[in-house]
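Structure first, commentary second.
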Amino acid sequence: MIKLAGIEKMNDKQKYNFLLMQLEGQLSSEKDTLANLSNTSALIYAIINKLNWAGFYFMKDGELVLGMFQGLPACNRVKVEKGVCGAAVREMKTQLVSNVHEFPGHIACDSASNSELVVPIIRDGVVYGVLDLDSPELNRFTELEKEYMEKLVEKLNKYIDWKEVTMIQL
Ligand code: SME
């Protein structure tokens, strides 16, 4: 059972360490991938403040398809050639965008989004998808959020069978 009482008293770094600890508890006690990734998006959304969207897109048949998330309904599919998510896949690198309106090809699923952080999910050189965080604030994300969301994806990498999620045939 995940309990979030008391997090409002923590500073950002304490919150993000707490988030990783809760995630470890979730992943080490549950085998089901849908349950694990659903609760991952819920944990992120509940603990990181000033977000309007947090969730996953997974590579299926050469494009990104919407996965588990928290927030308003979002675009079902994102082409790899487009958007901040596509850039994370193409460059195999985290995208920290302080103003999405200045990002060429940005896809506005929710017009409230002003900044975005996208971490690619990579194992053994294969990109399986992305973790995407959106904020209504400009410049919401810093190196701190980047560092911790990359750590979070590393943790998921230890537990999640991405092939099961994406059905990629290797
Ligand atoms: N803004 C993203 C699309 C996904 S939504 O934000 C949920 C992009 O430009 O790739």
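For the sequence shown, position 8 (counting from the first letter as 1) is numbered 7 according to numbering that gives the first Met the number 0, and the numbering increases by one without interruption.
Every residue gets a Cβ at the ideal spot worked out from N, C-alpha and C, and that includes glycine.
Note that the structure is a prediction, hence the values are computed from the model and not measured.
Any heavy atom of ligand 1 within a distance shorter than 8 angstroms of the CB on V126? no
Can you give me the Cβ contacts of V117 inside the same chain, cut-off strictly under 6 angstroms, excluding the 5 residues immediately before and after it? V83, C84, A87, Q94, V129, D131
Is it true that the CB of L22 sits closer than 9 angstroms to the CB of L42? yes
Going by other Cβ atoms of all chains shown within 10 Å of its Cβ, with 16 needed for buried, is R89 buried or exposed? exposed
Does the Cβ of R76 have 16 or more other Cβ atoms within 10 Å, making it buried, or fewer, making it exposed? exposed
I need the DSSP call for I106, collapsed to helix, strand or coil. coil
Please classify E115 as buried or exposed, where buried requires at least 16 neighbouring CB atoms within 10 angstroms. buried
Apart from the five residues just before and just after F102, which ones in its own chain have a Cβ nearer than 7 angstroms to its Cβ? V83, V96
So who's on the other strand from I1, going by DSSP bridges? DSSP lists no partner for I1.
Would you list, in sequence order, the uninterrupted beta strand (DSSP E) runs of no fewer than 3 residues that lie entirely inside the region 51-106? 52-59, 62-70, 76-78, 94-96
Taking 8 angstroms as the cut-off, is the CB of V64 close to at least one heavy atom of ligand 1? no
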